[in-house]
Amino acid sequence: MDAFLAGTPVEVVIPLQDRSGNQLDVTTVDYRVVDHAGVELVPRTTLDSFVAGTDEAVIIVPAELNVLPAGQTRAVRNVELFCRVGNNTVMVGTLFAVEAAETLAVGVNTYQTLAQAQLTSMDVPNIPAWEAADERDKVQALVEARAHINQLSFTLLMSNINFGQDSLNYVPEGTFFSKYAATNGMFMFDGNLELLNPTQFAALPERFKAALRKAQVVEADAILARDPIAEGRRAGLILESIGESKQMFRSAKPLELPVCKRALGYLSYFVTFGKRIGRGG
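In terms of our numbering, the sequence shown is residues 3 to 283.
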């Protein structure tokens, strides 16, 4: 799928072929444009510039329809064609993406920009998969790494401990407004880093953010590397035979964590695994 800069017009050239690749003899074309959520951006409209019998249709999606909402770095547009072939109507279409100039937004889908991640990686040894990856793969790995790390529970955001202290300005004062909030209007963060907005994330202690940046790069390296042995163990592999060589594993399935052990090592000072069990009232 092609990707274009958000907020710019996009010219889409669509071959008029059926699913088998056969050329269609099209007399008229209508089109419409919807986004990835199915919201209609352009209602069904006749393509006046189309000439009957031509092999392709050209649609220009204007710049204002390719603008991204605040906090969003990518979106997809679906251009649908309604082609008149004899007495029938055949649908043809294509997808394209629009993305921000910087697809990594700190506090939204990453802890650091790509340039900052490259700087961070200079202080992290033994990350061959990261160093070998191209920029697009690195960006995707950083986004996924953040999603993995955000599944952990962080002591700095335990609202039952820190909530309401003026010195901790990365935890919102008073009430966190959410449709998921408790009936008393209070929302307990319980260590959830995902709930912070970019301003609150920026206010986190620098030592914590530095650890997050290193953990993100290491986790991205693990994502890019793909360990076949670890994947086999997670699937329940006990014995692996290659020719005359055999490798045995314990029958117990290994403990699975959201992040790799090395990434967890950078975060161990800030992570809590404690759980409380109690009786409901």
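Glycine included, every Cβ here is placed at the ideal spot set by N, Cα and C. Because the structure is a prediction, the values reported are computed rather than measured.
- Between T56 and the set A131, G73 and T29, the nearest pair of CA atoms involves T29.
- The criterion of a C-beta distance shorter than 7 Å is not satisfied by G109 and L159.
- Annotation: the continuous beta strand (DSSP E) that includes E82 extends over R76 to V87.
- Inter-segment contact for the stretch 20-36 and the stretch 97-105 is absent: fewer than three beta-carbon pairs are separated by less than 8 Å.
- Scanning P17, L49 and Q74 for the CA closest to the CA of I62 turns up L49.
- DSSP, read as helix, strand or coil, puts T274 in coil.
- Per DSSP, the continuous beta strand (DSSP E) segment holding R46 begins and ends at E42 to T48.
- Cβ-Cβ separation between L206 and L144: approximately 18 Å, too far for a contact (criterion under 8 Å).
- In the DSSP assignment, Y268 falls outside any beta strand (DSSP E) and within the unbroken alpha helix (DSSP H) covering K263 to L269.
- For T274, the CB contacts under 8 Å within the same chain, skipping 5 residues up- and downstream, are S155, F156, T157, M160 and G193 in chain order.
- Pairing W132 with A213 gives a Cβ-Cβ distance that is not under 7 Å.
- A straight-line Cα-Cα distance of about 27 Å links V41 and P200.
- T112 carries a strand assignment under DSSP once its states are collapsed to helix, strand and coil.
- Cβ neighbours of T10 within its own chain (closer than 7 Å, five residues either side excluded): A65 and N68.
- Sequence-distant Cβ neighbours of L97 in its own chain, meaning closer than 8 Å and more than five residues away, are M3, V78, R79, N80 and V81.
- The straight-line gap separating the alpha-carbon atoms of A117 and A204 is approximately 17 Å.
- When only Cα atoms are considered, S270 and R264 end up about 10 Å apart.
- T115 and D20 have their C-alpha atoms some 42 Å from each other.
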